[in-house]
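Data first, discussion second: the structure below is written as structure tokens.
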Amino acid sequence: MGQVRETGPLTENPWGCSSSVAEGIRGKTSIAGLGRSCLSLLSLLLALAGCTNNPYREEDHLHRVRYSSIDEDPKSLDPSFAYDSLSLQMVAPIYDTLLQYAYLKRPYALEPALADRMPEREVYAYEGELSPPAQESDLEQEIGVPVPEAEPPAERKTVRREAFRYRITIRQGLRFQDDPCFEATGGKGREVRSDDFLYAFKRIADPLVTCPVRAILGEKVAGLNGFYFANRKRIQGQRAAGLEPETDYSIPVTGLRRIDDSTFEVCLTEKYPQFLYWLAMPFTTPIPREAVEHYDPVRFPGREAFRDHPVGTGAYVLKAGEYRKGQRMVLERNPNFREERYPAEGEPGDREIGLLADAGKLLPLVDTWVFTTVKESIPHWNLFRQGYLDTSGIPREFFDRVITPEGGLSRSMEEKGVRLYRAKELTTYYFAFNMDDPVVGKNVKLRQAVSSAIHTAEYIELFLNGLGEVAQSPLPPGLFGYDPDYRNRYRRFDLDSARRLLSEAGYPGGLDPVRGQPLEIRYDTAQNDPSGKQSVRWLVRQLEALGIRLVVILNDWNTQQQKADEGNFQLIGYGWLADYPDPENFLFLLHSENRRPGVNYANYANPEYDRLFDEMKGMSNQGEEGEKRRQIIARMVRILEEDCPWVPNFHPESYSLVHSWCGGVKLHGPANNLLKYARVDPERRAKLRGEWNRPNYPAVWWSLGILAAGFLPAWWVAFRRGR
181 MGQVRETGPL
191 TENPWGCSSS
201 VAEGIRGKTS
211 IAGLGRSCLS
221 LLSLLLALAG
231 CTNNPYREED
241 HLHRVRYSSI
251 DEDPKSLDPS
261 FAYDSLSLQM
271 VAPIYDTLLQ
281 YAYLKRPYAL
291 EPALADRMPE
301 REVYAYEGEL
311 SPPAQESDLE
321 QEIGVPVPEA
331 EPPAERKTVR
341 REAFRYRITI
351 RQGLRFQDDP
361 CFEATGGKGR
371 EVRSDDFLYA
381 FKRIADPLVT
391 CPVRAILGEK
401 VAGLNGFYFA
411 NRKRIQGQRA
421 AGLEPETDYS
431 IPVTGLRRID
441 DSTFEVCLTE
451 KYPQFLYWLA
461 MPFTTPIPRE
471 AVEHYDPVRF
481 PGREAFRDHP
491 VGTGAYVLKA
501 GEYRKGQRMV
511 LERNPNFREE
521 RYPAEGEPGD
531 REIGLLADAG
541 KLLPLVDTWV
551 FTTVKESIPH
561 WNLFRQGYLD
571 TSGIPREFFD
581 RVITPEGGLS
591 RSMEEKGVRL
601 YRAKELTTYY
611 FAFNMDDPVV
621 GKNVKLRQAV
631 SSAIHTAEYI
641 ELFLNGLGEV
651 AQSPLPPGLF
661 GYDPDYRNRY
671 RRFDLDSARR
681 LLSEAGYPGG
691 LDPVRGQPLE
701 IRYDTAQNDP
711 SGKQSVRWLV
721 RQLEALGIRL
731 VVILNDWNTQ
741 QQKADEGNFQ
751 LIGYGWLADY
761 PDPENFLFLL
771 HSENRRPGVN
781 YANYANPEYD
791 RLFDEMKGMS
801 NQGEEGEKRR
811 QIIARMVRIL
821 EEDCPWVPNF
831 HPESYSLVHS
841 WCGGVKLHGP
851 ANNLLKYARV
861 DPERRAKLRG
871 EWNRPNYPAV
881 WWSLGILAAG
891 FLPAWWVAFR
901 RGR
């Protein structure tokens with residue numbers, strides 16, 4: 181055996197023990213030293229045999245704790261700002277809302293939460309100025325850079341029309357969570373008042389907050405845009421004078437009226453029944469002004485910011501000291517949460533699958549939620565398989581091992597007691613043509629040809645593991661007005677039809693008659709990751725089959741958004757996730773009033789479509805009016821089919837895996853406050869975890885045997901020398 185380099189003592193480098201054994205130990209090696217080495221190795225192996233791979237505190241495993249994961253930190257926990265799905269997921273359990281979605285009812289239905297009852301609505305005569313809202317690009321400039329023009333846009337008109345006024349009464353005895361910001365009550369959460377809701381509405385229009393839905397609600401709530409423009413002018417003056425900008429919340433909003441401590445009114449500028457859905461979103465949750473001012477790092481340098489220190493009325497609070505960015509977040513039960521019980525009614529079949537087993541129990545059913553940051557899919561999957569995450573999606577690389585060709589669970593998953601839940605998302609992905617472009621925007625036959633040539637069903641199989649549905653219109657399944665039997669003529673993959681349409685468009689064989697070369701269409705995308713680039717190459721091949729050359733332009737997200745706002749593209753890809761379950765929330769994406777830099781990126785304008793939209797948007801889904809609304813929606817969808825400003829691409833579907841120790845799960849599209857309904861059986865979880873993560877004692881003993889065999893020659897040499 182050759183001589184190897186000398187190592188330090190085993191107690192300092194236990195992971196290097198095997199190299200010390202192979203060395204045959206030089207100098208004053210003794211039998212006693214070898215004995216001590218053997219004992220050290222034996223102790224190490226026995227310790228490893230008794231180790232646990234549990235990443236959580238052992239004392240938590242029998243408590244009502246649920247374990248989940250996030251792949252990054254939420255962008256903000258400020259309810260006036262949080263709009264991405266992850267931020268909403270974390271904000272909703274902390275900030276209760278006036279209304280909420282009934283957990284078990286389908287179709288989706290609203291019910292009172294912080295409100296004492298459903299808001300009372302009446303029609304009144306609104307008279308006032310309407311002006312196009314300032315765009316979000318203006319708002320971004322205002323953060324640090326003065327904008328010369330501080331007045332409302334010049335295009336203003338006075339209107340007089342019927343509009344809705346809502347009177348809202350809140351529950352008695354509501355309290356905010358305990359927090360040091362409530363100095364007057366010694367840190368005890370004070371009672372919620374109507375002023376806290378009115379303050380939240382004004383924060384939507386605060387230029388320093390840049391609420392992402394200000395452009396929408398600013399137009400709908402009377403006087404809210406006026407509050408915004410008055411404060412924008414004030415802030416610009418403060419900056420010009422070298423002062424720290426500050427919003428003046430004493431400026432009145434004509435559409436917000438305080439009646440008393442528990443009642444207030446909101447006056448809209450039109451008949452807009454979808455306003456109730458906004459009362460189920462965190463933007464209109466009560467916000468204590470004390471918290472915003474207390475957690476202001478500008479006023480109090482070094483103090484935690486309000487966006488990272490939420491103070492709400494929800495079922496959970498963010499546990500102090502347990503928000504470690506990039507590591508984990510912990511939510512624990514809010515002792516000040518209002519009395520709420522698990523629903524006692526659901527859909528037919530809910531009782532049979534255990535969804536009413538908790539009927540009447542106080543919410544929340546789980547005391548603590550632990551969210552661990554896991555960025556990669558494989559570590560996340562391993563934690564789920566070991567029982568250290570309660571739920572999981574299915575990574576693409578493991579999909580075929582988990583889901584059978586028939587769409588069921590594999591035997592290994594069934595043996596673990598894992599349950600599979602499928603849900604169609606209220607989401608539509610689409611390609612938008614630039615209707616102002618002289619090539620694609622002015623040639624409807626060309627747009628129809630491109631739409632007919634994109635084989636979306638193949639895309640779903642290749643890139644989504646078959647989870648999704650080919651989109652026929654902007655409306656996703658599960659939404660009022662969606663027709664499962666409707667088929668868009670230009671969303672049926674048909675190359676022969678596409679080639680005929682392309683020839684009628686003036687490009688036979690895909691050739692540009694002027695240049696004599698293949699027609700080129702520019703496609704802007706922000707799909708820069710490897711899987712995204714694969715799907716882009718697939719799209720290139722789709723149009724190559726027509727003889728069209730797709731010129732791909734890869735952008736970062738900010739550049740992509742800027743190009744969309746400015747109309748600097750020919751074809752661009754986007755998606756829309758429902759804010760609320762109403763067809764208006766999808767069909768408005770193609771209304772001319774929302775043209776760029778609004779959400780109508782295609783800059784599509786059709787007077788008949790606009791007229792039908794304006795008629796449909798304020799209608800009910802019930803009775804005769806509901807049937808008439810359905811007919812109007814069908815006409816609008818057919819107009820879009822012929823004009824083809826979009827290629828509706830697909831509606832995604834998601835799979836969720838849930839361990840057997842978790843209570844009944846009912847996936848819900850628009851709701852975010854579902855954590856309070858979750859249940860856990862910690863005893864069953866501990867039992868199964870123990871079975872799935874037992875120490876491998878045979879492997880330990882085999883290792884001991886191998887190490888002993890390696891020690892024997894060295895021991896024999898030392899013994900002979902000792903003699």
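Numbering (the numbering used here), first residue to last: 181 to 903.
Here a beta-carbon is modelled for each residue, glycine too, at the ideal position from N, C-alpha and C.
Would you report the Cα separation of residue i and residue j, rounded to the nearest angstrom?
i: H839; j: K625; result: 51 angstroms
i: V491; j: E512; result: 13 angstroms
i: L820; j: E291; result: 34 angstroms
i: M816; j: A485; result: 46 angstroms
i: S834; j: R602; result: 6 angstroms
i: E302; j: T443; result: 15 angstroms
i: F564; j: D759; result: 30 angstroms
i: G573; j: A685; result: 44 angstroms
i: G849; j: R695; result: 49 angstroms
i: M593; j: E525; result: 31 angstroms
i: R865; j: R246; result: 10 angstroms
i: P832; j: Y610; result: 12 angstroms
i: C447; j: T464; result: 14 angstroms
i: D440; j: R341; result: 28 angstroms
i: P862; j: Y568; result: 12 angstroms
i: S772; j: A395; result: 15 angstroms
i: L868; j: R483; result: 43 angstroms
i: I640; j: T584; result: 17 angstroms
i: E322; j: P387; result: Unreliable positioning characterises E322 in this predicted model, as indicated by a pLDDT of 41, which lies under 50. The coordinate reading is nonetheless provided below. E322 and P387: Cα-Cα distance of roughly 8 angstroms.
i: T449; j: Y306; result: 6 angstroms
i: K255; j: L268; result: 10 angstroms
For residue i, collect the residues of the same chain with a Cβ closer than 8 angstroms to its Cβ; drop the 5 residues on either side in sequence, then sort them by chain order.
i: R672; result: S632
i: E320; result: Note that E320 scores 40 on pLDDT, short of 50, meaning its location in the model is unreliable and no value can be drawn from it.
i: S683; result: G689
i: I752; result: F611, A612, N614, Y703, D704, T705, Q740, K743, A744, Y781
Are the Cβ atoms of residue i and residue j separated by less than 8 angstroms?
i: W561; j: P575; result: yes
i: C361; j: E470; result: yes
i: W826; j: A612; result: yes
i: P299; j: L397; result: no
i: G806; j: Y452; result: no
i: V731; j: Y703; result: yes
i: A293; j: L279; result: yes
i: V630; j: Q750; result: no
i: R345; j: E371; result: no
i: G597; j: G844; result: no
i: Q628; j: Y687; result: no
i: I274; j: V550; result: no
Ordered along the chain, which non-local residues of its own chain (more than five positions away) have a Cβ less than 6 angstroms from that of residue i?
i: D692; result: L699
i: R775; result: N783
Taking 7 angstroms as the line, does the beta carbon of residue i fall inside it for any heavy atom of the ligand COA?
i: P292; result: Absent from the structure shown: the ligand COA. Ligands present: none.
Can you tell which of the options has the C-alpha that lies nearest to the C-alpha of residue i?
i: R244; options: N853, G806, V546, T434; result: V546
i: R667; options: P654, L675, F660; result: P654
i: D434; options: F643, E309, W737; result: In the sequence as presented, Asp is not what sits at residue 434; that position holds Thr. Considering only alpha carbons, the answer is E309.
i: K856; options: Y662, A272, T449; result: A272
i: I348; options: R355, Q357, G367, D376; result: D376
i: Q357; options: F409, D264, A500; result: A500
i: D709; options: W718, V720, L734, R721; result: L734
i: T607; options: F480, F793, N516, F830; result: F830
i: K541; options: P559, A858, P392; result: A858
With a CB to CB cut of under 7 angstroms and the five nearest residues on each side skipped, what residues in its chain are close to residue i?
i: R414; result: D428
i: V716; result: T705, Q707, V732
i: N786; result: I819, D823
i: L242; result: P862, E863, A866
Can you check whether the C-beta of residue i is within less than 8 angstroms of a C-beta belonging to chain B?
i: D530; result: Absence of chain B from the displayed structure is noted, only one protein chain being present.
Three or more C-beta pairs under 8 angstroms: does that hold for the region 722-737 against the region 418-433? Judged by Cβ distances under 8 angstroms, the region 722-737 makes no contact with the region 418-433, as fewer than three pairs qualify.
Does the region 462-477 come close enough to the region 401-420 that 3 or more CB-CB pairs lie under 8 angstroms? No, because fewer than three Cβ pairs between the region 401-420 and the region 462-477 fall closer than 8 angstroms, the two stretches do not touch.
Answer yes if the region 640-656 comes into contact with the region 763-778, meaning at least three C-beta pairs across the two stretches below 8 angstroms, and no otherwise. Counting C-beta pairs closer than 8 angstroms gives three or more between the region 763-778 and the region 640-656, which meets the contact rule.
The region 498-506 in contact with the region 277-286 per 3-pair CB rule at 8 angstroms: The region 498-506 is not in contact with the region 277-286.
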